[in-house]
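Okay, structure first, notes after.
Protein chains: 2
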Amino acid sequence: MNNLTLRQLRYFAALARQRHFGRAADVCAISQPALSMQIRELEGSLGTELFERGARQVRLTGFGEEFARRVQDILRSVDELGDLARVSRDGLVGRLRIGVIPTVAPYLLPSIIARLTEMNPDLDLHLRETITTKLVQELDEGKLDAAIVALPVSEPALTEVALFSEEFVLVRPLADSNKPVPDREGLREMRLLLLEEGHCFRDQALSFCNLAATPPRELLDGSSLSTLVQMVGAGIGVTLIPEMAVPVETRSAAVSIARFRPPHPTRTIGMVWRRSSPFARQLAQVAEVVRGAGMAGLRGPERFRPAPETA
Amino acid sequence: MNNLTLRQLRYFAALARQRHFGRAADVCAISQPALSMQIRELEGSLGTELFERGARQVRLTGFGEEFARRVQDILRSVDELGDLARVSRDGLVGRLRIGVIPTVAPYLLPSIIARLTEMNPDLDLHLRETITTKLVQELDEGKLDAAIVALPVSEPALTEVALFSEEFVLVRPLADSNKPVPDREGLREMRLLLLEEGHCFRDQALSFCNLAATPPRELLDGSSLSTLVQMVGAGIGVTLIPEMAVPVETRSAAVSIARFRPPHPTRTIGMVWRRSSPFARQLAQVAEVVRGAGMAGLRGPERFRPAPETA
DNA sequence: ATTGTTCATAAGTGGATCTTATCGCAGCAA
DNA sequence: TTGCTGCGATAAGATCCACTTATGAACAAT
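Set out below in C-alpha cells:
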C-alpha cells in the first residue's frame, strides 16, 4: 500500500507540469508507456485519481493540485540531499546559482565574480538577473541557491543576511548643478524618471517621495538605470540612483549628482537563501565576499554604514 | 548519480535509529545483506560515508547526522501524502492519533471519545497521555496527528487553535472551608502541593504565585491531580486544580473548594497540529467537538469565557 | 586459539520497469 | 460515412534491480 517511490513522484511532477504524457515522458527521458504505467501505479496505491484524462488534454484533479504542491517540496528536499553530500565532500565547488536584482547586478557582479573565482577556482557560478519577486519564487522552487536583493524580503522560508546600506543620490542635468538640492517635497514637483513596475528600487524611490505606489502618469518609466541617466542627460527630467551606480552611470553622461540632506533615502542590500539550503554555511561566507565587494565598489568608503542586524 | 530511492532513505533512517545492521534489517522486514547493499548503494551515490562501521558498533558520521535530520523530514512528508489521499478519498476515517496532557485527559477524554465515535463510527482513535514537551516532539516526528494542550505552545511548525479558558481553584481541607480565601501572596505562605516537574500546570500554578520555576523544597510533588487532592484531604497542605477537574476530583475527598478573587489564575486549552498535516481540515472540526466537550463538561457554563483568538 | 558477533560479499531468483509494437478512442476533414 | 491524426492505454518481451540464502572476513571476548 504505502510503497510510493521517488521515481513515481518525479514522473508525477513532470506530468503535472507538462499536462501531456508524451512531453512529460520526454522530460523524464523514458518512453510514454513507462510513464503511463508509473502514474497508474501511483494512482492505484493512493486509491485516488490524480489526473482527469480529458479527450483533448490532461488536467490535475483537485486532490492532484494539493498533491503536486507537496510533491514539489519533497523533491526539492531530496535534491538538496545530493547537494549537501557534495558540499560536505568537496567544499564549495560545483554549480552555485545566484540571482541578483537589476539595480545591483551591473555594479557589483564584476567584482563578486572576480573575488569568488579567485578564491575558489572550481566554483561554477551561474548568475541570473531579475526582479525580487521572481528571484524569491525561483529560490522557493530550488532553481536558485541564493539571491542578492534589497531587504527586507520577509519570506519565512528564507534566511536574510544584511550586507551594507547605501544612499540614493539625485541625478540632474548638468545645467542644474548649482541649483539647491530639493527635499522630498520639492522632488514631487519635478519630472521624476523611474524604473518600470516591479523593480524594488522604483518603490523605494516613490516611498521616499511619499508618493502612492501607482503615481500620476507624470513620470516616465525606463528599463534600466543606465537609460534613466541618459534621459536625464537629454534634459527630460531627473532621477534617483543608488550610490553604487554613480561611478558607472555618470561616467559618460552630461549630468550632475547631488546628495540629499537628511533624512537620506537609503536601501539595504542583503543576501537571502532557503533556510534549508545545503550551502548555508558556504553562502554565509559568500555573503562576506559580497559585502566586501559592495564596500570596496563604492567610491568613498566613508559613505557606508554597517548594515543593520537581520536574522 | 542522483537516483536516490525512498527505499534507501527508509533503510537509512532505520539504521540511523538502530545503529545496528541486523536490527535495522528486522525493522525493515528484510535480510541483513539487503540492507547493507542499499546503504552501500546510497553512500556510493552520495560519494560520502554516512556511517562509521566500528568494530563493535555503528555510528553516524557528522554528515550522516545532518543527513538523517533531513531524511526524517522527507519521510514524514511522504507518509503524509498517503494520509492526504486517504482523507480526500474517504473523509475522516481510519487512524487518528491525538495526544492529551495529563491535567486534561481524565476530565475531557470520555466526552471527546463519545462524541467523536458517535459522529464518526469508522474513526480509529488512538489516544496518548503525556506532558506537553513530549507531545510536541511526537507531533514533529509524525507519531501524533494532533494534541490537546495548554496554550501557548509557540512552535512555528504547529498550528494552534484556542478552545476555551478555565480558572484554577483552590483545594483546601474541609476544616478550612470557612477561612478567607488567600490571595497569591497568602498562597505562598501555605504548603502548596504541586505536580512533578514537566507538567505545564505546575508552572502555571507557580507563576500565579510569583514563585521561581525551582522553588524552595517546601512543597511536595504529586504525580496526578487526583493524588494531590487526596493529600489535601489528609491535611498535608493545599493545592490548585483546574475547574474541569473539580467534579471528578472532589467527589470522594474531604476537601473544600474556593475560588480566587481577581486576578483569576486561568489557563487556555487548545489544540495543535502540524501545519502540513493532511488532516488539517478535519482536525479543525475535531477541535470544535473538543471545545463542545470542554464547555459542557464544566459544571457552570457561566464560568467560561470564549478563548482568546490564536493563529 | 576459539568462539561469537557483526557486517560484507557472492550467486541465484523473482519481480519491477523499461522498451517497442500495437490498439482504441476522440476529434476532424472530405 | 470514411479515413486521418494525435494521444493515451495495453501487450509482450528484455533487462535490471532488489531480495534471498549461504558464506566470508574482521574483530572482540574468553
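Protein chains in written order, with our numbering: chain Y, 1 to 311; chain P, 312 to 622.
For every residue, glycine included, the Cβ atom is placed at its ideal position computed from N, Cα and C.
Under 8 Å between C-beta atoms of residue i and residue j
i         : j         : result
P:Val-543 : P:Pro-463 : no
P:Thr-577 : P:Phe-479 : yes
P:Arg-381 : Y:Ser-77  : yes
Y:Leu-84  : P:Phe-378 : yes
Y:Ala-24  : Y:Ala-14  : yes
Y:Leu-50  : Y:Gly-64  : yes
Y:Asp-122 : Y:Val-93  : yes
Y:Leu-9   : Y:Ser-45  : no
P:Val-398 : P:Phe-590 : yes
P:Ile-409 : P:Ala-458 : yes
P:Arg-318 : P:Arg-370 : no
Y:Gly-47  : P:Arg-400 : yes
P:Val-472 : P:Ala-595 : yes
Y:Ile-241 : Y:His-199 : no
P:Ile-385 : Y:Ile-74  : yes
Residue-chain proximity (residue i, chain Y), Cβ-Cβ < 8 Å
i         : result
P:Ala-607 : no
P:Asp-384 : yes
P:Arg-381 : yes
P:Phe-323 : no
P:Arg-400 : yes
P:Ser-422 : no
P:Ala-396 : yes
P:Leu-407 : no
P:Phe-355 : One point to set straight first is that residue 355 of chain P is Gly, not Phe, in the sequence displayed. Chain Y contact via Cβ: absent.
P:Gly-358 : yes
P:Leu-392 : yes
P:Val-338 : no
P:Phe-374 : yes
P:Val-597 : no
P:Val-389 : yes
P:Leu-315 : yes
Cut-off 7 Å between Cβ atoms - residues of its own chain near residue i, not counting five sequence neighbours on either side
i         : result
Y:Leu-163 : Ile-269, Gly-270, Met-271, Ala-287, Val-290, Arg-291, Gly-294, Ala-307
Y:Ser-224 : Pro-102
P:Gln-343 : Phe-332, Gly-333, Ala-336
P:Val-566 : Val-482, Arg-483, Pro-484, Leu-485, Val-540, Val-543, Gly-544
P:Ser-347 : Phe-332
Y:Glu-43  : Glu-49, Leu-50
Expected contact under 8 Å - CB spacing of residue i and residue j to nearest Å
i         : j         : result
P:Asp-456 : P:Leu-407 : 6 Å
Y:Arg-274 : Y:Leu-135 : Y:Arg-274 to Y:Leu-135, Cβ: 12 Å. No contact.
Y:Arg-188 : Y:Phe-208 : Y:Arg-188 to Y:Phe-208, Cβ: 10 Å. No contact.
P:Leu-503 : P:Arg-513 : Their Cβ separation, rounded to whole angstroms, is 10 Å, which puts P:Leu-503 and P:Arg-513 out of contact at 8 Å.
Y:Pro-156 : Y:Val-248 : Rounded, the Cβ-Cβ distance is 35 Å, inconsistent with contact.
Interface flag, residue i vs chain P, CB-CB below 8 Å
i         : result
Y:Phe-67  : yes
Y:Ala-205 : no
Y:Phe-51  : no
Y:Gln-16  : Looking at the sequence shown, residue 16 of chain Y is not Gln but Ala. For Y:Ala-16, the answer is no, since every Cβ of chain P falls outside 8 Å of its Cβ.
Y:Thr-266 : no
Y:Ser-252 : no
Buried or exposed (CB count within 10 angstroms, at least 16 for buried), residue i
i         : result
Y:Gly-142 : buried
Y:Gly-222 : buried
Y:Arg-17  : exposed
Y:Ser-252 : exposed
P:Arg-364 : exposed
P:His-437 : exposed
Y:Arg-305 : Annotation note: pLDDT 47 at Y:Arg-305 (below 50); position unreliable, coordinate value reported separately. Y:Arg-305 comes out exposed.
Y:Ala-205 : buried
P:Gln-593 : buried
P:Ser-588 : buried
Contacting residues, own chain, Cβ-Cβ under 8 Å from residue i (five flanking each side not counted)
i         : result
Y:Met-190 : Pro-182, Gly-237, Val-238
Y:Gln-72  : Ala-13, Glu-141
Y:Ser-177 : Ser-256, Ala-258
P:Thr-561 : Val-482, Val-540, Ile-568
Y:Glu-196 : Arg-202, Asp-221, Gly-222, Ser-223
P:Arg-367 : none
Cβ shell of residue i (< 6 Å), same chain only, five flanking positions each side left out
i         : result
Y:Val-100 : Glu-129, Ile-148
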